[in-house]
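Note that this note's numbering gives residue 88 to position 88 of the sequence shown, counting from 1, and the numbers run on in steps of one.
A virtual CB, placed ideally from N, CA and C, is assigned to each residue, including glycine.
Owing to the predicted nature of the structure, the values given are computational and were not obtained by experimental measurement.
To start, the structure under review is shown below, and the notes come after it.
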Amino acid sequence: MNEHRRTGRTTRMLKEAISHIEAEPNTRAVVMANTMASALRMAQLTAEMSDGEHRTQNTVHFPNGGRITFESVSNSMWIWDLRTMRGSRDEHFIDHEAWEFRKPPAQ
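Here it is as structure tokens:
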């Protein structure tokens, strides 16, 4: 069972977010999770998978000045239709669990 750990959709999404940050200095990204508990778990996992430092509860800082912030789609600033947080210009990565359990049905 352990050989399948860290090979799933969440891990691949986190690796993509890490690559995005490591590719260019001072880049910022936001990872959206289904719940805040999931977001905090992903922040810890991201710090373990990278050279990032888990400095604050929901943010991982990288040596090149980049950072990834982890939030929940239940945050009132999240706009599903635009797939962004109100006022944010950062790249957004959305965990599959948020899509599957939280995305409102199309009207």
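- Task: With distances taken Cα to Cα, identify the nearest neighbour of S88 among V31, A47, F62 and S19.
- Result: The shortest Cα separation from S88 among V31, A47, F62 and S19 belongs to V31.
>> Quick check: the Cα distance between N75 and R41, rounded to an integer number of angstroms?
In response: Distance between the alpha carbons of N75 and R41: 17 Å.
Checklist entry - Where does E91 sit, in a helix, a strand or coil, going by DSSP? => result Strand at E91.
What is the rounded straight-line gap between the Cα of T65 and the Cα of H54?
In the sequence on display, residue 65 carries Gly and not Thr. When rounded, the distance between both Cα atoms is 13 Å.
*Residue of E97, E16 and F101 minimising C-alpha distance to M49*: It is E16.
Worksheet item: Do N34 and the ligand SAH come close, with the Cβ less than 8 Å from some heavy atom?
Response: Within the structure as shown, the ligand SAH is missing, as the structure has no ligands at all.
message = From the DSSP secondary-structure annotation, give me the bridge partner or partners of S72.
response = In the DSSP output, where bridge partners are listed per residue, S72 has A33.
E16, DSSP secondary structure in three states: DSSP places E16 in helix when its eight states are reduced to three.
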